[in-house]
Amino acid sequence: MRRQRVQSGTEWEKRVGYSRAVRVGRRVFVAGTTATDDSGAVLDGDAYEQTARVLRNVERALTEAGASLDDVVRTRMFVTDADDWEQVGKAHEEAFGDVRPAATMVEVSRLVDPAMCVEIEVDAVVDGPEDE
Numbered sequence: 472m473r474r475q476r477v478q479s480g481t482e483w484e485k486r487v488g489y490s491r492a493v494r495v496g497r498r499v500f501v502a503g504t505t506a507t508d509d510s511g512a513v514l515d516g517d518a519y520e521q522t523a524r525v526l527r528n529v530e531r532a533l534t535e536a537g538a539s540l541d542d543v544v545r546t547r548m549f550v551t552d553a554d555d556w557e558q559v560g561k562a563h564e565e566a567f568g569d570v571r572p573a574a575t576m577v578e579v580s581r582l583v584d585p586a587m588c589v590e591i592e593v594d595a596v597v598d599g600p601e602d603e
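Residue 472 is where the sequence shown starts when you use the working numbering, and the numbers rise one by one after that.
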């Protein structure tokens with residue numbers, strides 16, 4: 472099966488050796504994504520605002536891989552403060568609505584940048600033939 476890589480163009484992908492997303496067949500895997508803009512600057516906002524930005528970044532990667540938020544089957548949310556679960560959950564629900572992917576949220580001691588309070592990775596499955 473052919474591997475399609477999606478790059479966002481940030482310096483980190485090359486420095487760390489990863490892709491923003493990878494599609495193999497019908498499956499799309501989006502790497503841990505944070506609330507950064509196109510230049511890589513972290514959004515200065517609360518957990519809700521950061522989560523909403525993260526999910527817009529995820530959606531852009533999915534689109535480039537030929538998928539959408541409707542195709543997401545699993546999310547993993549890493550938060551630096553579990554007390555933010557309601558704000559993170561609200562943004563997650565607004566993005567996914569009736570899609571309702573399997574979801575995990577865990578508290579971590581920190582993320583790469585101290586300004587980051589949430590990082591999310593997703594798995595998606597696009598409709599189509601299995602061997603696509």
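Cβ coordinates follow ideal geometry from the N, Cα and C atoms, glycine included.
These numbers were taken from a predicted model, which means no experiment stands behind them.
* Mind checking which residues open and close the alpha helix (DSSP H) that includes Val487? => Walking along the sequence shown from the start, residue 487 turns up at place 16. First-last of the alpha helix (DSSP H) with Val487: Glu482 to Val487.
* Asked: Cα separation between Asp515 and Val589?
  -> Along the sequence shown, one-based indexing puts residue 515 at 44. Along the sequence shown, one-based indexing puts residue 589 at 118. Rounded to whole angstroms, Asp515 to Val589 spans 12 Å at the Cα level.
* Output the distance between the C-alpha atoms of Asp555 and Leu526, rounded to the nearest integer angstrom. => As a first step, residue 555 is located in the sequence shown; it is residue number 84 there, counting from the start. As a first step, residue 526 is located in the sequence shown; it is residue number 55 there, counting from the start. Asp555 and Leu526: Cα-Cα distance of roughly 16 Å.
* To do: Can you check DSSP and say which residues form a bridge with Thr504?
  => Within the sequence shown, the letter at position 33 stands for residue 504. Partner(s): Ile591.
* **Beta carbon of Arg497 nearer than 8 Å to that of Val597** => For the purposes of this step, residue 497 is taken as the residue at position 26 of the sequence shown. For the purposes of this step, residue 597 is taken as the residue at position 126 of the sequence shown. Yes.
* To do: Tell me whether Val597 sits in a helix, a strand or coil according to DSSP, three-state version.
  => Within the sequence shown, residue 597 is the residue found at index 126, counting from 1. Of the three classes helix, strand and coil, the one that applies to Val597 here is coil, per DSSP.
* Asked: Does DSSP classify Ala544 as helix, strand or coil?
  -> Residue 544 sits at position 73 when you count from the first residue of the sequence shown. Looking at the sequence itself, residue 544 is Val, so the reference to Ala does not match. Strand, per DSSP.
* Is Val499 near the ligand COA, judged by its Cβ being under 7 Å from some heavy atom? -> Looking for the ligand COA in the displayed structure turns up nothing, as the structure carries no ligands at all.
* Asked: Counting along the chain, where does the alpha helix (DSSP H) carrying Thr534 start and finish?
  -> Translated into the one-based positions of the sequence shown, residue 534 becomes position 63. Unbroken alpha helix (DSSP H) run through Thr534: Ala518 to Glu535.
* Cα separation between Trp483 and Thr575? -> For the purposes of this step, residue 483 is taken as the residue at position 12 of the sequence shown. For the purposes of this step, residue 575 is taken as the residue at position 104 of the sequence shown. Near 25 Å, if we compare the C-alpha coordinates of Thr575 and Trp483.
* Since Val477 is in the beta strand (DSSP E), which residue starts that stretch and which ends it? -> The residue you call residue 477 lines up with position 6 of the sequence shown. Arg474 to Val477 is the extent of the beta strand (DSSP E) around Val477.
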